[in-house]
Amino acid sequence: MVQLTQAVTAILLASGAVAHPGKSINKDILRRQAHLDHPERRSVQSCKRDLVASGWVREQHARREARLHELRVAGGFAKPNDLVRRNPAEVEGEYGAAAACTLDPEATEGPYWVIGELIRQDLLTGEKGAVTHLDINVIDTSTCKPVTDAYVELWGTNATGVYTGVQAKGNGDGSRTAVATNALRGLQKTGSNGTATFISLIPGHYVGRANHLHTIIHHGAKLLPNNTIQGGTISHVGQFYVEQNFLGQVEKTTPYNTNKQTQMLNSQDFLYQMGKQGGDDPNLHISLIGSKIEDGLYAYIDIGVNPKANYKPQPVNMWTEKGGIPVPGSPWTGYPDSCKNCGFGGGFPTRPPKERSEDEKVEEAFVA
Ligand SMILES: *[C@@H]1O[C@H](CO)[C@@H](O)[C@H](O)[C@H]1NC(C)=O
Ligand SMILES: *[C@@H]1O[C@H](CO)[C@@H](O)[C@H](O)[C@H]1NC(C)=O
Ligand SMILES: *[C@@H]1O[C@H](CO)[C@@H](O)[C@H](O)[C@H]1NC(C)=O
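Start counting the sequence shown at 841; every next residue gets the next number (the working numbering).
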């Protein structure tokens, strides 16, 4: 699980790793990075037996199957009695395998996190693209139970690769219009099944990164009267991706196909490769609601978290009634030209993802 802290950036900068990508990185940094990759080695896979035994895997599959069918019926693509269910034993057998959607490892929050976003399910706010009904289950990997009452935060770019709530040179067309809207950003509370649901878009691409959605999981936050949250702790900072072939089809649709920015493939993205480490799969599991992408999409993913983990991601801006305003002292201010946390993204050293040896795993268990 990758929490790319400022300390590590400083070490990488000092070692010249950022300035000279590809140069061999000091072993201590690698070990530190490997440790940061997996501070808690328990994953959704570790919980497979318990989640299957409790009936949770079966129930969640049935719930999601029914929800997709409901969307198909609502769109006129299926009849209410048409639902063909998959064999639940088969679903349980596959659960948690790398080929299934399981866990998104910790990743950097990146330069465009805006705090103070609203609690709401529909994040579209007028943005056009491949509308996606997202279903996210959060699992406590220390107890193997769903996490209730956590706030799942989600943000991604619009179809042409621009984040809202910020204005930055590296942010798509860099236009000022984006700073005035909170589209494609928001939070939802997990219910009794550990589920948060959203309506958003498949994110467009921008220079230096493969298409991705960001997520942050908040625990113990206080709900404010204006439908935002305050305080609490953050156990997970992650990114979701879209399988490359399917993404290629989305990119051919309007308005994705008007995006002038260079696209980076998943296979070229260092953070995606990190996300695939340790048997994790950060790809959303996506189904068409109708017969084509334009009919809408249904997507799900399960995230394993340790609710006691306490990460400190840094927002660049804060959402207010007047739009996005800078957070004083943010290490992301000035990205990509001059900022404390510059050196991520495109500038980050590309190191092939590496499976850790048994020795390293044991060692990590003792590193606080
Ligand atoms: C939780 O899942 C069960 C089983 O699928 C379902 O019956 C129930 O409605 C779900 N609860 C919520 C709050 O979604
Ligand atoms: C994405 O946002 C930018 C900035 O607001 C805007 O110029 C662009 O038109 C948007 N893309 C789409 C497809 O609406
Ligand atoms: C919500 O209330 C908090 C606390 O008063 C305030 O700081 C924040 O700006 C408000 N957010 C919005 C979007 O109005």
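Don't be surprised by glycine CBs; every beta carbon is placed ideally from N, CA and C. Values in this document were obtained by computation on a predicted structure and should not be read as measured data.
- request: Could you name the residues that DSSP lists as bridge partners for Val1077?
  value: Ile1056
Alpha-carbon spacing of Gly1010 relative to Gln1113, whole angstroms: 22 angstroms
message: Can you find the residues in the same chain that come closer than 8 angstroms, C-beta to C-beta, to Lys1062, ignoring five residues on each side of it along the sequence?
response: Ile1069, Gln1070, Gly1071 and Gly1072
- prompt: When the Cα atoms are used, what is the spatial distance from Ser1127 to Ser894?
  reply: 26 angstroms
query: For His1006, which residues from the same chain have a beta carbon less than 7 angstroms from its beta carbon, with the 5 sequence-adjacent residues on both sides left out?
result: Looking at the sequence shown, residue 1006 is not His but Val. Excluding sequence neighbours, Val1006 sits near Tyr952, Val954, Ala1018, Val1019, Val1156, Asn1157 and Gly1164.
task: Could you give the DSSP three-state label for Asn1106: helix, strand or coil?
output: helix
query: Out of Tyr1138, Pro1176, Pro1166 and Thr1160, which has the shortest C-alpha to C-alpha gap to Glu910?
result: Tyr1138
Same chain only: Cβ atoms within 7 angstroms of Arg904, ignoring 5 sequence neighbours per side: Asp975 and Tyr1140
field: Complete runs of the beta strand (DSSP E) confined to the segment 950-1005 [at least 3 residues]
entry: 971-980 and 991-996
- prompt: According to DSSP, what are the bridge partners of Gln1028?
  reply: Val992
Closest residue to His1052 among Val1082, Ala1036 and Asn1067 (Cα-Cα distance): Val1082
message: Please classify Asp868 as buried or exposed, where buried requires at least 16 other C-beta atoms within 10 Å of its C-beta.
response: Note that Asp868 scores 31 on pLDDT, short of 50, meaning its location in the model is unreliable and no value can be drawn from it.
message: Shorter than 7 angstroms, the distance from the beta carbon of Asn1066 to the closest heavy atom of ligand 5, or not?
response: Ligand 5 is absent from the structure shown, which contains only ligand 1, ligand 2 and ligand 3.
field: Val978 vs Glu932 beta-carbon contact at 8 angstroms
entry: no
field: Local Cβ density within 10 Å of Glu993, reported as buried at 16 or more and exposed below that
entry: buried
Val1167 versus Pro1176 - alpha carbon distance: 16 angstroms
message: With three or more beta-carbon pairs closer than 8 angstroms as the criterion, would you say the segment 1031-1044 touches the segment 997-1004?
response: yes
- prompt: To which residues of the same chain is Asp1109 closer than 7 angstroms at the C-beta, ignoring the five residues directly before and after it?
  reply: Arg1049 and Ala1050
- prompt: Among Thr1037, Ala1036, Lys1029 and Gly1078, which residue has its Cα nearest to the Cα of Gly1060?
  reply: Lys1029
- prompt: Are Asn1033 and Trp1159 close, meaning C-beta to C-beta below 8 angstroms?
  reply: no
task: Spell out the partners DSSP gives Phe917 in its beta bridges.
output: Its beta-bridge partners do not exist; DSSP assigns none.
- prompt: Which of helix, strand or coil does DSSP assign to Gln1154?
  reply: coil
Supposed close pair Ala970, Ile1133 - CB separation, criterion 8 angstroms: 5 angstroms
query: When we look at the beta-carbon of Ala1008 and count the other beta-carbons within 10 Å, is it buried (16 or more) or exposed?
result: buried
- request: Please specify which runs of the alpha helix (DSSP H), each continuous and at least 4 residues long, are wholly inside the segment 1085-1147, giving them in chain order.
  value: 1110-1115
- request: Could you have a look at Arg1049 and say whether DSSP puts it in helix, strand or coil?
  value: strand
task: For Asn1150, I'd like the list of residues in its chain whose CB is within less than 6 angstroms of its CB, leaving aside the five on either flank, ordered along the chain.
output: Thr1073
- prompt: Going by other Cβ atoms of all chains shown within 10 Å of its Cβ, with 16 needed for buried, is Ser883 buried or exposed?
  reply: buried
message: In this structure, how does DSSP classify Leu1064 when only helix, strand and coil are distinguished?
response: coil
message: Is any non-hydrogen atom of ligand 3 found closer than 7 angstroms to the C-beta of Thr1160, if you look at the structure I gave you?
response: yes
message: Between which residues of its own chain and Asn1099 is the CB-CB distance below 6 angstroms, once the five residues before and five after are set aside?
response: Thr1000, Gly1001 and Gly1044
query: So who's on the other strand from Ser894, going by DSSP bridges?
result: Answer is none; Ser894 lacks a bridge partner.
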